[in-house]
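Q: 78 is the number that the numbering used here gives to position 74 of the sequence shown; each next residue is one higher, with no gaps. Yeah, the Cβ is synthetic: ideal placement off N, Cα and C, and Gly gets one too.
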Amino acid sequence: MLKESLLDRVELNSKIMLGKPVIKGTRLPIEIILEKLAYGQTEDQILEDYPFLEKADIKAALLYAARQLALEEEYVI
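Next up, the structure:
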């Protein structure tokens, strides 16, 4: 799947979850998916908890987070 089509699964809308990035068509913030992965949940467990998601949505969350981190600038003094 192309990176652009994955990122199309992410939506930012000030009227949904106060503008936090969510999976398009849902109110599920990207951060929830990332936290669940960080705490050791598998993709299959997340998909079981949120049956409206697809595996591509989880990949989209990871790609979105990676892209956001790539935009950060950090200066070490």
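Would R31 and I20 qualify as a contact pair, given that the criterion is a beta-carbon distance under 8 angstroms?
A: Their beta carbons are under 8 angstroms apart, which means R31 touches I20 by this criterion.
Q: DSSP has I27 in a bridge; who is on the other side?
A: Answer is V14, bridged to I27.
Q: Whole angstroms are fine: how far does the CA of I81 sit from the CA of I34?
A: Approximately 32 angstroms between the Cα atoms of the pair.
Q: Measure the C-alpha to C-alpha separation of Q72 and K28 and round it to an integer number of angstroms.
A: Q72 and K28: Cα-Cα distance of roughly 17 angstroms.
Q: To the nearest angstrom, report how far apart L57 and A64 are at their CA atoms.
A: So the alpha carbons of these two residues sit roughly 11 angstroms apart.
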